[in-house]
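Residue numbers for the sequence shown follow my numbering, beginning at 1 and rising by one.
Working notes for the structure below.
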Amino acid sequence: MSRKHHWHRQSDLFFVALGFFTRIPMPSWVEVDGDKLNQASRYFGLVGLCIGLCCAFVFWLSQLWLPAGVAVLLAMIAGVLLTGGFHEDGLADTADGFGGGWCVADKLSIMKDSRLGTYGALALVLALLLKWQLLVELALYAPMVAVWALVLGHCLSRVLAASIIFTETYVRDDDSSKSRPLAQTQGIDELLILLATGLLLLLCLNGVVAFALLIALWLIRCLLVALFRRQIGGYTGDTLGAAQQLAELGCYLVLLAMGNAL
1 MSRKHHWHRQ
11 SDLFFVALGF
21 FTRIPMPSWV
31 EVDGDKLNQA
41 SRYFGLVGLC
51 IGLCCAFVFW
61 LSQLWLPAGV
71 AVLLAMIAGV
81 LLTGGFHEDG
91 LADTADGFGG
101 GWCVADKLSI
111 MKDSRLGTYG
121 ALALVLALLL
131 KWQLLVELAL
141 YAPMVAVWAL
151 VLGHCLSRVL
161 AASIIFTETY
171 VRDDDSSKSR
181 PLAQTQGIDE
191 LLILLATGLL
201 LLLCLNGVVA
211 FALLIALWLI
221 RCLLVALFRR
231 QIGGYTGDTL
241 GAAQQLAELG
251 CYLVLLAMGN
261 AL
C-alpha cells in the first residue's frame, strides 16, 4: 500500500467515525463499508477530542460575556447538537433496560424501545444536572480549567467506551442496534491507536492529575464491564453510550477533586 493510499484510507476512517458519532456529514467521496466501520473505532477518541474542543470553545467564548452557569449550559447544548444526543439516549435506554427488565431478553427489548421510561428519565436528568454542576464548580477555579475539563471529558470518555468493544461480547443479534456495524471486531491496531489518543492528551497534564484520571477511568471501566456482564452478558450500542456518559462524569469528578493540583 502506497503512503498516499494509506493516508487516504486513514482520513476515510476518521470521517466514518466522525459521521457515525456526530451530526457532521461525511464528505461525499468517503465510501463506507463494514470493514471501515470496524476499523473506524480507532478514531473514536479523536472524534471526542474534536467535540470537546468545540464545546470548550463555546464555553470560553460565552463566559467572556455571560455567567459561568450559562456558559456551561451553552457548551452542553453545543455537545448535544453536535452528537444528536447519541450517548445521552444510550444512557437513558440502558437505565430503562437494566431497571425495568427481569431477564436478558426483557432488558434488551426495553433498551430497543424508543419510548423513555421512568428509570431512563431519572438517569438522564440526574446525569445532566450533575454534569452542569461539576463544570460550573470547575469554572470557578478558572475558565481554562473548565475548558480543559470539557476537552478531557469528551475525549477520554469515548476512549473508554470504545475500548469495551475490544474485550466484550456484542449481545444483540438483530440489526436494530445503533452499534451493530461496530460490533463485529476491533483489532489490536484499532485499540492501540484509540488508547494512544487518550494517553497523548494525558501527557499534557500535571503528572498527579493524569495518574488520578488514568486510575479512575480504569476503575470505572472495570465496574461498567462487570455491570454489563451481569445484566446482559456483554454490551450493546446503548451501553456504550451509557459508558461514555458515566466516564465523562467520572473525569469531571476527578478533576474537581484534584482542583488544587490543576
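Glycine included, each C-beta is placed from N, C-alpha and C at the ideal position.
Inset, instruction - Determine, using beta carbons only, whether LEU192 and LEU202 come nearer to each other than 8 Å. - result: The count along the sequence shown starts at 1 and reaches residue 192 at position 192. The count along the sequence shown starts at 1 and reaches residue 202 at position 202. It is not a contact, given that the beta carbons lie outside the stated cut-off.
Inset, instruction - May I ask which residues mark the beginning and end of the alpha helix (DSSP H) holding SER263? - result: Outside the modelled stretch of the chain, which goes from 1 to 262, sits residue 263, for which no answer is possible.
Inset, instruction - With a threshold of 16 other CB atoms inside 10 Å of the CB of ASP93, please say whether the residue is buried or exposed. - result: Stepping through the sequence shown from its first residue, residue 93 is reached at position 93. With 16 or more other Cβ atoms within 10 Å, it is buried.
Legend entry - Those residues which DSSP pairs with TYR235 across a bridge: Within the sequence shown, the letter at position 235 stands for residue 235. Beta-bridge pairing links TYR235 to TYR170.
Inset, instruction - Starting from LEU201, follow the alpha helix (DSSP H) in both directions and report where the run begins and ends. - result: To locate residue 201, count along the sequence shown from 1; it is residue 201. It spans 188-202 - the alpha helix (DSSP H) in which LEU201 sits, taken as one unbroken run.
Inset, instruction - Express the C-alpha separation of ASN206 and ARG255 in angstroms, rounding to a whole number. - result: As a position in the sequence shown, residue 255 is number 255, starting the count at 1. As a position in the sequence shown, residue 206 is number 206, starting the count at 1. The displayed chain sequence assigns Leu, not Arg, to residue 255. Distance between the alpha carbons of LEU255 and ASN206 is about 11 Å.
Inset, instruction - Can you give me the Cβ contacts of LEU124 inside the same chain, cut-off strictly under 7 Å, excluding the 5 residues immediately before and after it? - result: Your numbering for residue 124 matches position 124 in the sequence shown. Closer than 7 Å at the Cβ level, and outside the excluded window around LEU124, lie GLU88, LEU91 and ALA92.
Legend entry - Short Cβ contact (8 Å threshold) for LEU156 with LEU217: Working through the sequence shown from its first residue, we reach residue 156 at position 156. Working through the sequence shown from its first residue, we reach residue 217 at position 217. Their beta carbons are under 8 Å apart, which means LEU156 touches LEU217 by this criterion.
Inset, instruction - Drop a sphere of 10 angstroms on the beta-carbon of LEU126, count the other beta-carbons inside from all chains shown, and report buried for 16 or more, exposed for fewer. - result: The residue labelled residue 126 in the question sits at position 126 within the sequence shown. With fewer than 16 Cβ atoms within 10 Å of its Cβ, LEU126 is classed as exposed.
Inset, instruction - Going by CA-CA distance only, name the one from SER109, VAL225 and TYR170 that's closest to ALA247. - result: Position 247 of the sequence shown, counted from the first residue, corresponds to residue 247. Among SER109, VAL225 and TYR170, the Cα nearest to that of ALA247 is on VAL225.
Legend entry - Inter-residue CB distance, ALA75 and CYS55 (contact presumed, cutoff 8 Å): Against the sequence shown, residue 75 aligns to sequence position 75. Against the sequence shown, residue 55 aligns to sequence position 55. Going by Cβ atoms, the distance from ALA75 to CYS55 rounds to 4 Å, so yes, they are a contact pair.
Inset, instruction - Drop a sphere of 10 angstroms on the beta-carbon of GLY52, count the other beta-carbons inside from all chains shown, and report buried for 16 or more, exposed for fewer. - result: Within the sequence shown, residue 52 is the residue found at index 52, counting from 1. Looking at its Cβ environment, which holds 16 or more other Cβ atoms inside 10 Å, GLY52 is buried.
Legend entry - Sequence-distant residues of the same chain with beta carbon closer than 8 Å to LEU66, five excluded per side: Position 66 of the sequence shown, counting from 1, holds the residue named residue 66. Here the set comprises LEU74.
Legend entry - Residue of VAL30, VAL104 and LEU152 minimising C-alpha distance to GLY45: Here residue 45 is taken as the residue at index 45 of the sequence shown, counted from 1. For the residues VAL30, VAL104 and LEU152, the minimum Cα distance to GLY45 belongs to LEU152.
Inset, instruction - With a 10 Å radius around its C-beta and 16 neighbouring C-beta atoms as the bar for buried, classify ALA40 as buried or exposed. - result: Locating residue 40 in the sequence shown gives position 40, where the first residue counts as 1. ALA40 comes out buried.
Inset, instruction - Please determine, among THR83, LEU37 and MET144, the residue with the shortest C-alpha to C-alpha distance to VAL72. - result: Position 72 of the sequence shown holds residue 72. If we check each option's Cα against that of VAL72, MET144 comes out closest.
Inset, instruction - Report all residues from its chain with a CB closer than 7 Å to the CB of ARG158; omit the five preceding and five following residues, and keep chain order. - result: As a position in the sequence shown, residue 158 is number 158, starting the count at 1. PHE44, GLY45, VAL47, GLY48 and GLN244, listed in sequence order.
Inset, instruction - Please say whether VAL30 and PHE20 have beta carbons closer to each other than 8 Å? - result: As a first step, residue 20 must be located in the sequence shown, where it is residue number 20. As a first step, residue 30 must be located in the sequence shown, where it is residue number 30. No, they are not a contact pair.
Inset, instruction - Within the same chain, show all residues whose beta-carbon is closer than 7 Å to that of TYR119, passing over the 5 residues directly before and after it, in chain order. - result: As a first step, residue 119 is located in the sequence shown; it is residue number 119 there, counting from the start. Excluding sequence neighbours, TYR119 sits near ALA95, ASP96, GLY99 and GLY100.
Legend entry - Cα-Cα separation between LEU194 and VAL136, rounded to whole angstroms: Within the sequence shown, numbered from 1, the residue matching residue 194 stands at position 194. Within the sequence shown, numbered from 1, the residue matching residue 136 stands at position 136. The straight-line gap from Cα to Cα measures roughly 29 Å.
Legend entry - Sequence-distant residues of its chain with Cβ nearer than 8 Å to THR167 (five each side left out): Here residue 167 refers to the residue found at position 167 of the sequence shown. Once the five neighbours on either side are set aside, the close Cβ partners of THR167 are VAL225.
Inset, instruction - To the nearest angstrom, report how far apart SER179 and TYR170 are at their CA atoms. - result: Position 179 of the sequence shown, counted from the start, is the residue given in the question as residue 179. Position 170 of the sequence shown, counted from the start, is the residue given in the question as residue 170. In this prediction, SER179 scores a pLDDT of 48, lower than 50, which makes its location untrustworthy; the coordinate-derived value is nonetheless stated afterwards. Going by the C-alpha atoms only, they are around 9 Å apart.
Inset, instruction - Give the single residue among LYS107, LEU81 and ALA142 whose Cα lies nearest to the Cα of ARG230. - result: Sequence index remark: in the sequence shown, residue 230 carries index 230 (1-based). Considering only alpha carbons, the answer is LYS107.
Inset, instruction - Could you tell me whether the Cβ atoms of LEU240 and ILE188 are closer together than 8 Å? - result: Numbered from 1 along the sequence shown, position 240 holds the residue referred to as residue 240. Numbered from 1 along the sequence shown, position 188 holds the residue referred to as residue 188. Cβ distance not < 8 Å, so LEU240 and ILE188 don't count as in contact.
Inset, instruction - Go ahead and pull the three-state DSSP assignment for MET76. - result: Mapped onto the sequence shown, residue 76 falls at position 76. Residue state, collapsed to three classes: helix.
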